[in-house]
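In my numbering, the protein residues as written are 2 to 622. Backbone N, C-alpha and C define an ideal beta-carbon position, used for all residues, glycine too. In this text the structure is predicted, and so the values were computed from the model without any measurement.
The structure is reproduced here in structure tokens:
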């Protein structure tokens, strides 16, 4: 496939030129030019209302720009998810504050999904242009527009968007959008609030006072939340921004966490590898629980444990967990293609739903049990009901772990005996045994011990290749896989075990380029998919952690700090990095940010220990 560099290319901002705002139900992506080009309402996995990110012509947008701006700058207000976009002109500065009001008891209007946008002018006279054009149900549903004295109502089957405005709006274009042009002097403001509602109603007035109160309350909420972080290390800015991003990806009513809030942003220019990530992967959520717990955010961990408990209880006897679920726990997520959308910069297909929900991925049981073990140890003791539900899952795993599966990377080239799946099978039984010992929980200890030993021997005997000098992707194979960098992280091997160190060297030879790590080689469609992909940010952070644990602290620090330069201007990461350093894949991605937190925590500890050792040597200790 070829990369679309024609006229449509100019209509799309780079993926990394976006910030996100959210209300713990959904998020909106705000471009550096002041355009909201992605937002699903009223929750993450609902149809898009603004979707210009996936089709600049049809997708719908909500734009606020300054006519004479020569450049823009973006930042988050300190310790918050309130986004500030500054429009800088020769003789004026306009500032756009974007936020969504969290669904929290401290806010009087709970249950209202709304995007608030306020413009202030600290210098000069600025001419602001507003354009709001929603496109309901991924631009498949028609809508009407009614303009009133205080805004506009966009009504469509199944819901409406009510736009409150402090300035008059006018219908424009083909009658499906509204526009306004307003001149602001210092001290004057512009307020806009887009609210989702099931029943259309005339918009109420909005003024500077209401917007300021909502802004101050939102800032106070985020400041109060991030202050709970217990991280005090060297990389506090990156860690706390990652935590704030992860918090935005948690669906507060259920405790579920989405892998990313977008769909079909391409992993390779031109498309093909485009997936819908607006769902909850057991693997991603389990890792995220671990990352948030390390920072002291136990409330989110407890909410996810409750969500997980429900999934385990609902699983029919004799069946394993699904790989991924909807945020409400549904498992039926059929994958379909929206052929009428052109895709980001022409990258097709645009997919909704995810066929990976029908795959078998045995490794999820290991990530699950590792997180439950950590929560039981450092959070709250798990309930007997959850323990019984987990024991049923382990009983299923006992019977099926030796079967081929689709693996951590959800390849579509057919099932294999993946090394990572066997590794995490060992983790599942080993952690279950730890919980049983620690809590005295009833368990078939001998059976679980035997299963753990069999999985351990399988990895050592079938997945180690003397010829390759490495643990390989699958049994009796020769392909390298960066997922095996986690071996010391999950305590399967020591960080300086000769086999593991040899594996790291082979990965460095074949999968590492300028400190960035690929998951595996994709040449020839080895994973059953067309095209190539970028380097995988998760694996790059795993590489940092592996080096730090292996004593290569200086290299680990250099690579980690280099990875920080690949973040967006707002400290956010997509799934992958392309050859020119561009972001690829869905954005922002939970997996990347949780790996950053883990790498920063362990690297910081390793640097401190290394400096202490060096100091002792200098002093003759």
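Would you be able to state if there are at least three C-beta pairs under 8 Å between the stretch 137-154 and the stretch 116-129?
-> Pairwise C-beta distances place the stretch 116-129 out of contact with the stretch 137-154, as fewer than three of them are shorter than 8 Å.
Beta-carbon proximity list for residue 72, same chain, < 6 Å, skipping 5 on both sides | The answer, listed in chain order, is 89.
One or two residues paired with residue 578 in a DSSP bridge = According to DSSP, residue pairing for residue 578 in a beta bridge involves 536 and 584.
Pull up the DSSP beta-bridge partners for residue 99, would you.
-> In the DSSP secondary-structure assignment, residue 99 is bridged to 84 and 118.
How should residue 400 be labelled, buried or exposed, when 16 other C-beta atoms within 10 angstroms of its C-beta is the threshold for buried?
-> Its Cβ having fewer than 16 others within 10 Å, residue 400 is exposed.
In terms of DSSP beta bridges, what is residue 127 paired with?
-> For residue 127, which the question treats as bridged, DSSP gives the partners 185.
Other residues of its chain near residue 488: CB distance less than 6 Å, five sequence neighbours each side excluded | When the five nearest sequence neighbours on each side are left out, the beta carbons in the same chain lying within less than 6 Å of the beta carbon of residue 488 are those of 494 and 501, in order along the chain.
Where are the alpha helix (DSSP H) runs, 4 residues long or more, that stay fully inside the stretch 132-213, in chain order?
-> Whole alpha helix (DSSP H) segments, 4+ residues: 137-140.
Over what stretch of residues does the alpha helix (DSSP H) that includes residue 464 continue unbroken?
-> Boundaries for residue 464: no alpha helix (DSSP H) harbours it, and the DSSP string shows neither H nor E there.
Tell me whether residue 188 is buried or exposed, calling it buried when 16 or more other Cβ atoms sit within 10 Å of its Cβ.
-> Answer is exposed; the Cβ neighbour count stays below 16.
Are residue 570 and residue 75 closer than 8 Å when you measure CB to CB?
-> Their beta carbons are under 8 Å apart, which means residue 570 touches residue 75 by this criterion.
Would you tell me roughly how many angstroms separate the C-alpha atoms of residue 373 and residue 136, rounded to the nearest one?
-> C-alpha separation (whole angstroms): 42 Å.
Could you please give the first and the last residue of the uninterrupted alpha helix (DSSP H) stretch that includes residue 244?
-> DSSP places residue 244 inside the alpha helix (DSSP H), whose first and last residues are 237-249.
Below 8 Å on the Cβ atoms is my guess for residue 42 versus residue 50; work out the distance and round it to an integer in Å.
-> Sure, about 5 Å apart at Cβ, within 8 Å.
Helix, strand or coil for residue 488, going by three-state DSSP, please let me know.
-> Correct three-state label for residue 488: coil.
Proximity winner among 530, 448, 230 and 329, relative to residue 259 (alpha-carbon distances) = Per the Cα distances, 329.
Take the Cβ of residue 349 as the centre, count every other Cβ of all protein chains shown within 10 Å, and call the residue buried at 16 or more, exposed below.
-> So residue 349 counts as buried.
For residue 522, the nearest candidate out of 418, 437 and 508 (CA to CA) | Among 418, 437 and 508, the Cα nearest to that of residue 522 is on 508.
Whose CA, out of 313, 287, 364 and 282, lies closest to the CA of residue 327?
-> Cα-wise, what sits closest to residue 327 is 282.
Does the beta-carbon distance from residue 432 to residue 498 come in below 8 Å?
-> Going by C-beta atoms, residue 432 is not nearer than 8 Å to residue 498.
Buried versus exposed call for residue 379 [16 or more other C-beta atoms within 10 Å across all chains shown] | Sixteen is the threshold: since fewer than 16 other Cβ atoms of the shown chains lie within 10 Å of the Cβ of residue 379, the residue is exposed.
Is there contact here, the stretch 386-405 with the stretch 306-313, by at least three beta-carbon pairs under 8 Å?
-> Taking a cut-off of 8 Å for Cβ pairs, the stretch 386-405 and the stretch 306-313 touch, as three or more such pairs fall below it.
Determine the DSSP secondary structure at residue 341, reduced to helix, strand or coil.
-> Coil.
Should residue 52 go down as buried or exposed, given a rule of 16 or more other Cβ atoms within 10 Å for buried?
-> Note on residue 52: 16 or more other CB atoms within 10 angstroms of its CB, so buried under the neighbour-count rule.
Helix, strand or coil for residue 507 per DSSP?
-> In the structure shown, residue 507 sits in a helix (DSSP, three-state: H, G or I).
Three or more C-beta pairs closer than 8 Å, one from the stretch 161-173 and one from the stretch 191-206: is that the case here?
-> Counting C-beta pairs with one atom in each stretch, the stretch 161-173 and the stretch 191-206 have three or more that are closer than 8 Å, which means they touch.
How far does the beta strand (DSSP E) with residue 75 in it reach, from first residue to last?
-> For residue 75, the enclosing beta strand (DSSP E) has its first and last residue at 72-77.
Beta-carbon proximity check, residue 269 vs residue 512, cutoff 8 Å = Result no, Cβ atoms of residue 269 and residue 512 do not sit closer than 8 Å.
Helix, strand or coil for residue 514, going by three-state DSSP, please let me know.
-> DSSP places residue 514 in strand when its eight states are reduced to three.
How big is the Cα-Cα spacing for residue 200 and residue 156?
-> In this model, residue 200 and residue 156 are separated by some 9 Å (Cα to Cα).
Out of curiosity, what's the CA-to-CA distance linking residue 320 and residue 404?
-> One C-alpha to the other measures close to 14 Å.
Which of the three DSSP states, helix, strand or coil, is assigned to residue 29?
-> Looking at residue 29 - three-state DSSP - the assignment turns out to be strand.
C-alpha distance - residue 190 paired with residue 336, whole-angstrom precision | Taking C-alpha positions only, residue 190 is separated from residue 336 by approximately 44 Å.
Along the chain, where does the alpha helix (DSSP H) that runs through residue 373 open and close?
-> That run of the alpha helix (DSSP H) goes 365-379.
Taking one C-beta from the stretch 242-261 and one from the stretch 21-36 each time, how about it: are there three or more such pairs within less than 8 Å?
-> Between the stretch 242-261 and the stretch 21-36 there are three or more C-beta pairs closer than 8 Å, enough to call the two in contact.
DSSP-derived helix/strand/coil call for residue 473 | Residue state, collapsed to three classes: coil.
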